[in-house]
Structures are given as structure tokens and as C-alpha cells.
Amino acid sequence: MIEDAWDDSAIKLAAANAAKDTGSARQAIDLLREGGDVAEENGASEVTDEHIEVAVDRVQRGRVENKLRDQTMHGQLILEALAKLEVSGSTPAKSKEVQQAYVRVAEGRQQDPLTTLKSIQNHLADLTMLGFLERTEHNEGRAGGAHYQYELALDPTIVLETRDAIEAEST
């Protein structure tokens with residue numbers, strides 16, 4: 001590190017963010033490095049808290065993108081469908097509503113959609129377990145029965161942008 005290139009509070013902010021997330025010193029160093037890149041892009045001579053905040057967003061975005069790319073095609077399409085539902089204000093959504101949105105997304109991407117609600121529910125359970133989704137159980141008694149509702153546990157914009165990038169790469 002170059003002397004006087006870092007604001008002390010920026011170093012503390014990077015360390016605090018890393019401690020809060022993974023507790024890894026490596027992550028703090030990555031945040032400082034990314035913060036340095038942000039400062040350089042902005043023509044700044046010193047890394048500030050604002051640069052670290054941008055770096056945190058970039059690093060988190062990159063992590064989400066990598067995790068999303070690791071999912072199966074149908075898992076990605078379900079996440080894309082939920083992102084679109086979320087953007088339109090239609091979440092939390094029942095699995096049947098997710099299935100309908102998923103079919104539209106899959107057909108729009110020229111993919112053959114999964115045909116059974118059970119297969120969609122299996123993917124929803126897996127994506128929930130992996131931390132992509134939040135699931136809440138609702139019990140409406142005898143008249144409505146019990147069901148789950150789903151919503152994204154991450155930024156829908158990142159999901160939609162990543163899916164568009166994946167599709168652009170495959171064409």
C-alpha cells in the first residue's frame with residue numbers, strides 16, 4: 001500500500017464489512033484492492049469510504065453472479081421468473097404463480113420448460129436451501145389449506161442483468 005493513499009476510515013470500513021460477511025482478512029484485502037480500482041477510475045488520489053462502498057457492491061454482485069451461473073438452466077430460469085415477479089410487485093408468490101412466470105420466461109428464452117408443478121417446487125426448495133429465495137408458509141385453514149410463498153433473497157436487478165449476460169454469451 002502506498003502511504004497516504006488510504007483514508008483510515010476506508011480501511012476500517014473494509015475490515016468491518018469483511019468481518020460482518022465472512023470474517024476473512026482476504027475479503028478485506030479484496031475490498032481494499034477493489035476500492036483502489038474505484039478510486040483510480042474516479043481520478044482520486046486517496047481511497048475513501050465511498051470507494052469502499054462501491055467496492056462492497058461490486059464484490060457482492062460478482063459473488064451473486066458466480067453463484068447464479070453455477071445453477072442449472074432451469075434453476076436460473078426460475079430465478080429470472082421470480083426476479084420479474086419481484087420487479088412487478090407480485091411477490092411473495094405461490095409456486096403455481098412462479099410456474100406460470102417461469103413458463104413465460106423459458107419460452108421467451110427458447111427453452112423447453114419443465115412440465116410439472118412438482119419439478120418447479122423441487123427447484124424452489126433447492127434454491128431456498130442455497131439462499132437464493134425466502135420461503136414463508138401460509139395456512140389458511142380448511143378453506144385454503146397450507147402453501148408456501150416465495151420471493152428473492154437478493155437484488156432482482158442483479159439476477160436479470162446476469163441472466164441477460166448469460167444469454168448474450170450463449171448466442
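When the letters of the sequence shown are read in order and numbered with UniProt numbering, they come out as residues 1 to 171. C-beta: ideal position from N, C-alpha, C; glycine also. Values in this document were obtained by computation on a predicted structure and should not be read as measured data.
| Host beta strand (DSSP E) of residue 139 (start-end) | 133-139
| Which parts of the UniProt domain "Cdc6 C-terminal" (79-163) are runs of the beta strand (DSSP E), unbroken and 3 residues or longer, counting only runs that do not cross its ends? | 133-139 and 146-152
| query | According to the neighbour-count rule (16 or more other Cβ atoms, all chains shown, within 10 Å of its Cβ), is residue 170 buried or exposed? | reply | exposed
| Hey, how far is the Cα of residue 40 from the Cα of residue 34? | 10 angstroms
| field | Closest by C-alpha distance to residue 11, when choosing among 22, 19 and 49 | value | 49
| Terminal residues of the alpha helix (DSSP H) in which residue 36 lies | 25-41
| request: Would you mind sorting residue 18 into buried or exposed? The rule is 16 or more other CB atoms within 10 Å of its CB. | output: buried
| query | With burial defined as no fewer than 16 other Cβ atoms inside 10 Å of the residue's Cβ, what is the status of residue 110: buried or exposed? | reply | exposed
| According to DSSP, which residues form a beta bridge with residue 47? | 6
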